[in-house]
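This report refers to the structure that appears directly beneath it.
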Amino acid sequence: SVERLSLTQEKILAILPIPSAILSILGSSVILYMALKSRLTRKWTPYTRLLVAMSVCDIIFSLTIGIATFLRPAETSLRVWAFGNHATCSAIGFLNQFSFSAVFYNGMLSFYFLLTARFRLKNEFIAKWIEPFMHFSSIGYPLTTAIVGSALDFWGEITHGISGWVGKYPH
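FYI, the numbering for the sequence shown is 1 to 171, going by this note's numbering.
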């Protein structure tokens, strides 16, 4: 059996993700601004496109984490300040799953560095033959699993977390 958190602990758990989410959004926004500004003077490389996509996905993830605690179902959640419903909890689960795209893009950036530094592949070759698959896998898998999870009504409140995800496991 798990003990309930104190009211102070509940409030801290609700507020704690907000500062880091704000900092993450600001950092990703700066990356987006710098990339968009650089586009005025030069053409984007696969690196820049992957970085921009990762930043957009990171902003989505950071927004999700920042508001997730409050969008739990008010009628069933034990969390303080929860004012959501089943639909908002499902939306948070969807966004949480889709946000894995940021992790995939991080991996794709590492793969890009491997291809350019170790195998000496040119940006033109990567852009034409490899980059489409990088974007497809980074967006495709998380988006597909998020849609399937929504269609099967997987998303729900995670009792011991700060967000919503596969809350109805193993059902």
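We treat Cβ as the ideally placed atom computed from N, Cα and C, and that holds for glycine.
Here the structure is a predicted model, which means the values were calculated and not measured.
Quick one: grab the DSSP three-state call for residue i.
{"i": "residue 3", "result": "coil"}
{"i": "residue 166", "result": "strand"}
{"i": "residue 129", "result": "helix"}
Is it buried or exposed for residue i, if we count other Cβ within 10 angstroms and need 16 for buried?
{"i": "residue 153", "result": "exposed"}
{"i": "residue 77", "result": "buried"}
{"i": "residue 75", "result": "exposed"}
{"i": "residue 112", "result": "buried"}
{"i": "residue 129", "result": "exposed"}
{"i": "residue 51", "result": "buried"}
{"i": "residue 157", "result": "buried"}
{"i": "residue 155", "result": "buried"}
{"i": "residue 72", "result": "buried"}
Please report how far the alpha carbon of residue i lies from the alpha carbon of residue j, in whole angstroms.
{"i": "residue 6", "j": "residue 79", "result": "10 Å"}
{"i": "residue 18", "j": "residue 24", "result": "10 Å"}
{"i": "residue 117", "j": "residue 136", "result": "23 Å"}
{"i": "residue 31", "j": "residue 115", "result": "23 Å"}
{"i": "residue 89", "j": "residue 127", "result": "38 Å"}
{"i": "residue 108", "j": "residue 44", "result": "16 Å"}
{"i": "residue 179", "j": "residue 146", "result": "Residue numbering for the chain in the displayed model covers 1 to 171; residue 179 lies beyond these limits and cannot be assessed."}
{"i": "residue 47", "j": "residue 39", "result": "13 Å"}
Inset, instruction - Please specify which runs of the alpha helix (DSSP H), each continuous and at least 4 residues long, are wholly inside the region 46-126, giving them in chain order. - result: 46-68, 86-98, 100-113
Legend entry - Segment contact flag, the region 51-63 with the region 96-116, C-beta cutoff 8 Å, min 3 pairs: yes
Inset, instruction - Evaluate contact between the region 111-125 and the region 136-151, counting only Cβ atoms and requiring at least three cross-stretch pairs below 8 Å. - result: no
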